[in-house]
Each structure stands twice: as structure tokens, then as C-alpha cells.
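This report refers to the structure that appears directly beneath it.
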Amino acid sequence: MARTLMKGTEAIAEAAIQAGCKYFFGYPITPQNEIPEYMSAHLPKVGGMYLQAESEIASINLVMGGASTGYRVMTTSSSPGISLMSEGISYVAMAELPCVIVNITRGGPGLGNILPAQGDYTQATRGGGHGDYSVPVLAPGNLQEAVDFTQDAFDLSQKYRTPVMVLADGFMGQMMEAVEIKPRKTEDPVSNADWALGWRDERGGQRRIVYSMHLSPDELEAHDTHLQEKYARIRTNEARFEHFMTDDAELIVTSYGTTSRVCRSAIINLREEGFKVGMVRPITLWPFPSAGYSSLPKSVKVILDVEMSAAFQMADDVRLATQCEIPLMTAGRWGGYSPSVRQIEEKCKELLNG
Amino acid sequence: MSETQVFSMPKVWNADVHTHYCPGCTHGVAHRLVSEAIDELGIQNKTIGIAPVGCAVLMHQYLDLDFIEAAHGRAPAVASGIKAVRPDKIVFTYQGDGDLASIGMGEIVHAMNRSLPLTIIFVNNAIYGMTGGQMAPTTLLGQKSTTSPSGRDAKMNGYPIRVSEMLATLAGPAYIERVALTQPKYIIKAKQAVLKAFKNQAEGRGVSFVELLSTCPTNWGMRPTDACKWLEEHMIPYYPLGVLKDFQ
């Protein structure tokens, strides 16, 4: 389709359909309700099904059931809902089922508010549930990326048989932008018949079990090791980042998602005034793209981490990526506010002139 | 003299495995009824089971079927997800009272209310078995458990929940029946109920639910025969047998 002006949530929903997602299980929570609304209107047209769960706990377990058949399934939610899903995400990760989870984050902790925030970074990048597992997390910086990354998430989830999360804040869900949504080439679900349930005839009578329990410590240790080896492959192959005006930079701003757009504007303005400022934007939050920091030029004197999080949750990953060799400062807003372009400009000038 | 075989292991039973169930436990009978129903309907290759938590957690090893294992209480949601995507398959859950009536009460109520064609086998033995005999939502008043050592007290713990009656108030379900597993006369009825619950699904009717009153000699602290007697004298009066809802 041609470039169309769409709301973020609706663009994500249409992108999923164009990526072969025919089954959506979800529960309404602001600010992402247009996704279930869009899915309920459009999935029947492609022979699919929208099923509204009674809770986020049920949503992720409906996803687990649907995913176990080898079909492309999805759920979406916002921060408190993802907390409820954490149990299920742990099971889905352990059972090695592919699915896509979109988190349009809001302010927390607790009930917080329904405005955009980035306080779910740690939950998203550390699995969120119990046990040794990780979930790849893609963080779009604009709506075209939200579309593309949603489709990438389906491919990644199938490639590694793992849940994949698209993490976008409430701004990305509610803003409108021109996007192009292309149909994504997908495999027939029967290609998953080797592991998926419901294909016994196609397998010549062989049964399959999808399970996450290994009572024997030998078996569990082996399976946990297998998962970690898979995650190591994901770390090696799938870490993504963007460098913006980093070549001669003395100050590096680092941020993801909506805040990266604000920072980009600030950097462009600062460059016009002659300040040597650039940006490292992590695109995958897990695996964290450490190469984006280790490849910075020697000219970099300081890194400014910009987040809509009172705890600056990503800063720890940046310190690890730089092995604490570059001083790290922070700036941001939280509680539903975004930092302004001027705030970032002033902070950068203060650091460079300081 | 020619021999006629009149009894054998069900075809879907994995003959090479031994179950872990305690002596006198009626899970074995319940498994057989499920196996026989699947055999009789010839649906082995198209059936997907949801194994629960609790004593039946290893059910996926005992029956030669496609299986998925659900988290505590979530089997009806997992089953609904499978049925939504593969309406051509026969999907069943098999859950105990702690799983279905406590942690999973939300999931079972809404799966029953949606009434996607599913078969729900509910094993009610009025106690938590696998975790070692703690109080369940179905534990009878005065019944001792490791977490109600003086007997269940309604003032603190409320009354035992009659799950089948509660679910029968919903408009959605096609069929709900409570049966018992202690004597041949009850088991014959139980077999008909389980068979009907699978047949309903094969014929595209909404959700079917069979509650099996079952014994737990180990955690009740009784001999198997005494457990059967206790079930009949104490459980059946509170959990009366019979059909609570039928599409017909």
C-alpha cells in the first residue's frame, strides 16, 4: 500500500495482519485500545479471529495455546497488563513458542497514569517473569519503524521460537504519521508441523508435546543451557543500533523510542550552533547493542542518557557497554512528560561548556 | 478352546509407562475414561490435551496424544487459544480442584461462558493432592487438611464451592454433569458423561464439563476402601450427582 496517514496503534495492528497474524488475543488497556479494536474489525476479513480475554493473564495463555499450533499470534497491552502477563511470558519462553507481544507503555509504578513513559525498560529487558530467560525487545523510534519492527518481530519469533516484544510508549501509540505497510512474506503454518500441535497426521502419526516442566535437574539444566545458547545466538546475530552524527562527537546522547526523536531534533540544532554532539540509539533493548558504544570515536568525552524514566533504567546497560570508561550523565522527564528539545539542548551545552 | 479378549488397555494409553499415582487414587480411573472416550470416537490423531498442574501434571506422558502443559489454573485459556486457531481439533483440559476452582477460577468461568467447543474434565477430590494435602476451595466444612488442621471453618475460609452448580448458571455451556468414581455403578455413569463431553465437541456443540468426584486416600489419611466410603458419605451429599445442564 502507498504511504498512509495512520495512528500508531492502528498501523501496528495492520502491520501484524500484513505479516500473517490471523489470531489476536487481548484485553483492553489504555493507551493501546485501538489495536484490539482494529483487530476485532479486520481479522474476520482475512479469515482470522479476534478473541477478547477476561484478563491479561488469560490473554497470554490464549496466545500460548494459539502459538502452540504453529500459527502467527499476537497480543498487545500496556505496562500493568504486561506485569500480569509475566507469568505466561515465562512459560511461553520456556516452551519455546513464537509470538509477538506489543507493549505500549504508560506511567507507573502501580496504576500510575495512562500517559507515555519508559519505566518498563528493566522489566522488558530482564524477562519480566521468573527464571532464566530473555525476550528480544525491539524499540521503534517512529511509526514506520513501529510497522517494520512489528513485522520483524514475527519473523524473529519464528526464527528463534521465542516471544518477541515490541516496546513503544504511549506517544508512539497515539501519534499519527505517514507509514507504508507492506505484506510480509510468511511461511505456511504447516511448515511448523515438526514441532507444533495439531499436525499429527501430517507427521505420519507422531505426537508432539509442548511443555515447560523438567522435573529432573539434569533435564532442566540441559534445557536451561539450550535456552542460554539460543539467547547467545540472538545476542550475536540480532543486536541492532543506530549511530547519528557520531563521527567526531564529543558528547553522545543515548536514548530509545520517542525520546530519541526529541534528542535527534536537539542534536540537529546543536550541530548548527557548532556543538559536536551525536547519538547512539539502541534499536534492540535486549540484546543490548553494546557494539554501538564500543565503536564510538575517541573524541567522546561524555554520554548523556535521556529517558522518560525516573530511575534511568537503561543507564546501567550503557555503563556496562562502555565498561564505565566514559562518564555518564542523565536527563529526562517522567510521570507522563517527555523531555523537551530545549531541555536536552541546554543539558548538552552545560556538559560541553562545563 | 478359543479365547475372546474382553478387556484391554485403551489404545491411546502409553503401555510402556507407569503412572505415579498413589494406591487407591481414582486418577487412574479418570484417565481410563478419557482414553476410552477418545478411542471410541476414533479421534486420537486430532485430539490435543492440556495437562494441568497438580497430581495429573505428567498426564502428557501417559496418553499418546498431542499435549501442551499449562500454568496453574490457565488450562482453559490455553485450550481456548488452541480451539480458536484450530476449530477442527478436539481440545480438552483435565484439571484438579485447586487448579480449576482456586487459582484458575477466572479462566474456567470465562471459558465456560465463551463456550467455544471444549471438553473440561474436572477432578474434585476436595483437597490439594500434589502439594501435600492443603485446603482446597472444595474442602468440606470440618474436613481436616494441612492448612485447616482443626477442620475447615466457614467463618475463616468460606464454604466449599459447588463449581458445577455455579457454572450451570451461565447461559453458554452445552453440558455439565457431576459423577463419581468409587463404584462400578457410578463409573458406568461417569464413562457415559465423559464420552458425551467429547462427543459434544466432535459434533460442534459448546463447552462440556464433567466433574468427577475422586478420592485422595493419601492426603485424606485413609485406606482406599475407606476413602471410597468417605466420598459417598460426605462428598456426594454436598456435591450431588447428576446432570446440571444439557443442551437437549
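Quick note, the sequences are listed as chains V and W, same order. For the first sequence, position 262 matches number 262 in the working numbering, and the numbering has no gaps at all. For the second sequence, position 139 matches number 1139 in the working numbering, and the numbering has no gaps at all. Ideal Cβ placement from N, Cα and C applies to all residues, glycine included.
Test: residue i CB closer than 8 Å to a CB of chain W
| i | result |
| --- | --- |
| I104/V | no |
| E221/V | no |
| L320/V | no |
| S86/V | no |
| Y23/V | yes |
| I101/V | no |
| R161/V | no |
| Y38/V | no |
| V190/V | no |
| M245/V | no |
Endpoints, the beta strand (DSSP E) within which residue i is located
| i | result |
| --- | --- |
| A1190/W | Taken as a continuous stretch (DSSP letters only), A1190/W belongs to no beta strand (DSSP E), being part of the alpha helix (DSSP H) at P1184 to A1202. |
| G8/V | No beta strand (DSSP E) holds G8/V; the alpha helix (DSSP H) holding it covers G8 to Q18. |
| L1244/W | G1242 to D1246 |
| D317/V | Looking at the DSSP string, D317/V is not in any beta strand (DSSP E); the run it does join, the alpha helix (DSSP H), is A315 to A321. |
| T1047/W | T1047 to A1051 |
| T105/V | C99 to T105 |
| A291/V | From DSSP, A291/V is part of no beta strand (DSSP E) but of the alpha helix (DSSP H) over A291 to S294. |
| M85/V | It is not in any beta strand (DSSP E) - M85/V instead sits in the alpha helix (DSSP H) that spans S79 to A95. |
| L304/V | V302 to E307 |
| P282/V | V277 to P282 |
Per-residue burial, residue i [other beta carbons within 10 Å of its own, 16 or more giving buried]
| i | result |
| --- | --- |
| F1247/W | exposed |
| R207/V | buried |
| E1107/W | buried |
| S295/V | exposed |
| T75/V | buried |
| S394/V | Here chain V has residues from 1 to 354 only, and residue 394/V is not among them. |
| H130/V | exposed |
| L138/V | buried |
| G108/V | buried |
| Q384/V | Because residue 384/V is not part of the residues shown, which for chain V are 1 to 354, the question remains open. |
| T284/V | buried |
| P1023/W | exposed |
| F1067/W | buried |
| A1015/W | exposed |
| G110/V | exposed |
| C348/V | buried |
Residue nearest to residue i in terms of C-alpha spacing, selected from the options
| i | options | result |
| --- | --- | --- |
| E202/V | V100/V, V210/V, V190/V and K276/V | V190/V |
| A1126/W | I1161/W, F1067/W, Y1186/W and Q1005/W | I1161/W |
| P1224/W | K1189/W, E1003/W and T1026/W | T1026/W |
| N1045/W | T1093/W, P1240/W, T1019/W and L1063/W | L1063/W |
| G1096/W | K1199/W, Y1175/W and T1215/W | T1215/W |
| T1139/W | M1130/W, I1121/W and G1158/W | G1158/W |
| K7/V | L62/V, I29/V, Y38/V and Y23/V | Y38/V |
| T1047/W | H1018/W, K1083/W, A1070/W and G1024/W | K1083/W |
| G1242/W | P1052/W, H1018/W and I1176/W | I1176/W |
| G257/V | M308/V, T150/V and T330/V | M308/V |
| L1212/W | S1035/W, S1102/W, E1203/W and I1120/W | I1120/W |
| R235/V | P44/V, V100/V and P136/V | P136/V |
Cross-chain neighbours of residue i in chain V, by beta carbon under 7 Å
| i | result |
| --- | --- |
| Q1079/W | Reading the sequence as shown, one finds Ala at residue 1079/W and not Gln. Result: G65. |
| V1057/W | M213 |
Element boundaries [alpha helix (DSSP H), containing residue i]
| i | result |
| --- | --- |
| K1083/W | A1075 to V1085 |
| K349/V | V341 to N353 |
| P163/V | Run containing P163/V: none in the alpha helix (DSSP H); it sits in the beta strand (DSSP E), P163 to D169. |
| G129/V | Run containing G129/V: none; DSSP gives neither H nor E here. |
| N1219/W | P1217 to W1220 |
| R235/V | P217 to E238 |
| L270/V | T258 to E272 |
| F149/V | L143 to Y160 |
| Q1061/W | M1059 to Y1062 |
Neighbour flag for residue i against chain V, beta carbons, 8 Å
| i | result |
| --- | --- |
| A1037/W | no |
| R1086/W | yes |
| H1060/W | yes |
Interface residues of chain W facing residue i [CB-CB closer than 8 Å]
| i | result |
| --- | --- |
| G205/V | N1045 |
| N61/V | A1070, A1071, R1074, A1077, V1078, G1081 and E1107 |
| L227/V | Those do not exist, as L227/V stays about 17 Å from chain W at its closest Cβ, beyond 8 Å. |
| M49/V | A1084 and V1085 |
| V210/V | F1067, I1068 and E1069 |
Proximal chain W residues relative to residue i, where beta-carbon distance stays under 7 Å
| i | result |
| --- | --- |
| Y91/V | A1071 |
| D201/V | N1045 |
Within chain V, partners of residue i - CB distance below 9 Å
| i | result |
| --- | --- |
| D1064/W | R207 |
| H1110/W | A53, E54, S55 and A58 |
Cross-chain neighbours of residue i in chain V, by beta carbon under 8 Å
| i | result |
| --- | --- |
| V1179/W | None at all; the shortest Cβ gap to chain V is about 27 Å. |
Chain W residues whose Cβ lies nearer than 9 Å to that of residue i
| i | result |
| --- | --- |
| L197/V | I1048, D1066, F1067, I1068, I1082, R1086 and K1089 |
| T69/V | I1048, G1081, I1082, V1085, R1086 and K1089 |
| V179/V | Ordered by position in chain W, no residue passes the 9 Å Cβ test against V179/V, which lies about 28 Å from the chain. |
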